[in-house]
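Worksheet: the structure to be examined is printed underneath.
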Amino acid sequence: MPKKYLFQSHYRNVGSSRFGQRKPMGRPGVHIDPARFVNKAVEGEVIENFTPEHKFQDFKIDQRLITAIANKGYKTPTPIQDKIISHIIEGSDVVGIADTGSGKTAAFLVPLINKIMQNPREQILIVAPTRELAVQIDEEFRSFVKGMRIYSVVCVGGTSMGRQMSELRYRYNLIIGTPGRLKDLIERKMIYLSEFNTVVLDEADRMFDMGFINDTRFIINGMPRGRQTLFFSATISRDIERMIGEFTKNPVRISVKTRDTSKNVEQDVIKIDQGKTKLDVLSNLLNQKEFNKVLVFGRTKHGVEKLSKMLIYKGFRAESIHGNKNNSQRQRALGMFKENQVQILVATDVAARGLDIADISHVINYDLPSTYEDYIHRIGRTGRYNKRGMALTFID
Ligand code: ADP
Ligand code: MG
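Start counting the sequence shown at 261; every next residue gets the next number (the working numbering).
Below you can see the structure in the form of structure tokens.
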């Protein structure tokens, strides 16, 4: 069966309220029905039967940008891109709700780069929840604007403040940052919010979950009232709804959800039999040929670090990312995994959120996720952009 996209102009009935937002204090995942970790009815071949209304050439954007998109290998817009780009070009505030891996980054970068091409003095702020995500947005941005004399600065924690401050003295059109570091730079008068007419909040749901709401509010409230605000999230909840009301003005709401969030991902559980350890079971899996690029989720920073060490001790090529590593350590681990220098990346939920890594063959939930939403985010790391993937969840 071909995968179908549902379009909804009102998203009241879309989203995650049924998944629950609560973060249980007890053992993670215990309230999630294990049946929800199983999906064996994956199509033999995932056929995209979505027909976009637009080609990239149809958007009122600069010819050089159209060329850059083609050079990047993007042939047709994804559903969220198809629906939202013209509204952003028109200057409306937008709220974009779409699954992970659906191309939200280009959905805002393409029209915003065009905005910069029309007005080289335009200054745009992008706020993202994690350093990794900010760097990733910047990489995509740079691949679009190569040779165009359009510049960006990444402002994230865990990196040299001095270097960021000196970069901010040069001309730039775009700042991509995490809330805490941005606030810091604003307070040091290195960033003047009054000069920014456009702001993007990417992964707003995670921004909220991570407790960045007050820093984000500080940033947004310092910007001009007449600004354009673009709000992106994979999920919607009452808290997110409140943020939308607070930060946007009459937004155009575009919701593009697949019928099943992770149809491309075959999902199954692995019961850990008595007398066996999760580590044994994991090692057996990792020795199989198909498990060539595996993202393993653990619950705590400490547990993730320990697991990656044990895997290395057992002779596997593994790396880890979690909040106890500094920025360059995290980037290095991520780079090695992206470039297939290691087979395995062990990660916490927070560290892995939003990461776009090509061709992950398997996601393994070594520890259960705390909520079904976290589960969906974890398995969304595989099966990206119509590729198939597999997710396995360990159950005691
Ligand atoms: P999201 O932010 O919605 O999770 P991303 O913006 O990270 O998704 O995009 C997911 C992947 O899809 C990336 O590898 C990106 O390069 C790719 N992609 C985005 N738009 C297109 C397109 N129009 N055609 C082909 N690939 C695309
Ligand atoms: Mg994204």
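Quick reminder that beta carbons are idealized off the backbone N, C-alpha and C, glycines included.
Under DSSP, Ala651 shares a beta bridge with Gln527 and Val623.
Straight-line spacing of the CA atoms in Arg448 and Ser346 works out to 36 Å.
In this structure, Gly595 has its CB at a distance of at least 7 Å from all heavy atoms of the ligand ADP. Note on geometry: alpha-carbon atoms of Lys509 and Ile340 lie some 20 Å from one another. Beyond the five residues adjoining it in sequence on each side, Arg402 comes within less than 6 Å, by CB distance, of no other residue in the same chain. Residue pairing from DSSP places Thr489 in a beta bridge opposite Val459. Two segments are said to touch when three or more pairs of C-beta atoms, one from each, lie closer than 8 Å; by this definition the stretch 353–361 does not touch the stretch 376–383.
At least one heavy atom of the ligand MG is found less than 7 Å from the C-beta of Glu463. Shortest gap from the CB of Lys364 to any heavy atom of the ligand MG: under 7 Å. With respect to the 8 Å criterion, Leu567 and Ala607 are not classified as neighbours on the basis of their beta carbons. Scanning Gly351, Ala295 and Asn374 for the CA closest to the CA of Gln317 turns up Asn374. By the beta-carbon neighbour count (other beta carbons within 10 angstroms, threshold 16), Gly535 is exposed. Secondary structure note for Ala328: its alpha helix (DSSP H) is the uninterrupted segment Gln323 to Asn331. Placement of the Cβ of Gly482 at a distance of 7 Å or more from every heavy atom of the ligand MG is found. Phe368 and Glu427 have their alpha carbons spaced roughly 24 Å apart.
Following the DSSP letters along the chain, one finds Leu594 inside the alpha helix (DSSP H) bounded by residues Asn587 to Lys598. Annotation: the continuous alpha helix (DSSP H) that includes Phe478 extends over Ile473 to Asn481.
The alpha-carbon of Lys335 is positioned some 44 Å away from that of Ile532. Apart from sequence neighbours up to five positions away, the residues of its chain that approach Gly614 with a beta-carbon distance below 6 Å are Leu393 and Glu463, ordered along the chain. Comparing C-alpha distances from Ala330 to each of Lys315, Ile344 and Lys343 shows the shortest one belongs to Lys315.
By the criterion of at least three beta-carbon pairs nearer than 8 Å, the stretch 628–647 is not in contact with the stretch 583–591. Taking 7 Å as the cut-off, the C-beta of Ala578 does not count as close to any heavy atom of the ligand ADP. Counting C-beta pairs with one atom in each stretch, the stretch 471–483 and the stretch 399–413 have fewer than three that are closer than 8 Å, which means they do not touch.
Cβ-Cβ distances below 8 Å link Glu350 to nothing in the same chain once the five nearest sequence neighbours on each side are left out.
Nearest to Leu605 by C-alpha distance, out of Asp634, Leu546, Asp656 and Tyr635, is Leu546.
Not one heavy atom of the ligand ADP falls within 7 Å of the beta-carbon of Pro339. Where Glu579 is concerned, the enclosing beta strand (DSSP E) starts and stops at Ala578 to Ile581. At a threshold of 7 Å, Gly575 does not count as near the ligand MG, since its beta carbon sits no closer than that to any of the ligand's heavy atoms. Cβ-Cβ distances below 7 Å link Glu550 to Ser621 in the same chain, with the five nearest sequence neighbours on each side left out; the list follows chain order. Taking non-hydrogen atoms of the ligand MG into account, the C-beta of Gly356 is found less than 7 Å away from none of them. Going by beta carbons, Val387 and Ile473 fall outside the 8 Å limit.
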